[in-house]
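Asks:
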Amino acid sequence: MSYLLLRDLFQVRQYKPVPKKQLSKVRTPLILIGFTLAIGVIGIASYFVVRKLIVQQLQEKALLQVLKELMRLING
25 MSYLLLRDLF QVRQYKPVPK KQLSKVRTPL ILIGFTLAIG VIGIASYFVV RKLIVQQLQE
85 KALLQVLKEL MRLING
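Our numbering numbers the first residue of the sequence shown as 25 and each following residue consecutively.
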């Protein structure tokens, strides 16, 4: 009886790795969240780039119209 008690006391506990099913349950949502955040950041960045290009083009068109009208008034 004491042998069983001693064996239980000095039994080496082994490391039990996390089951693969449990890892995949966590990994998949993390990957999806990462992709969602990346797509969101890329979308926001592209919005601001395109917006800046459109505003710049509109400013150039407006300046050309003003210069054209000014030249018409001076020559006209």
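Beta carbons: idealized from backbone N, C-alpha and C, even for Gly. Note that the coordinates shown come from a computational prediction; the quantities given were computed from them, not determined experimentally.
How is G100 classed by DSSP in three states: helix, strand or coil?
Replies: coil
Asks: Look up P43 in the DSSP assignment and say whether it is helix, strand or coil.
Replies: Note: P43 maps to coil in three-state DSSP.
Asks: Taking just the CA atoms, how far does L77 sit from Y71?
Replies: Cα-Cα distance, rounded: 10 Å.
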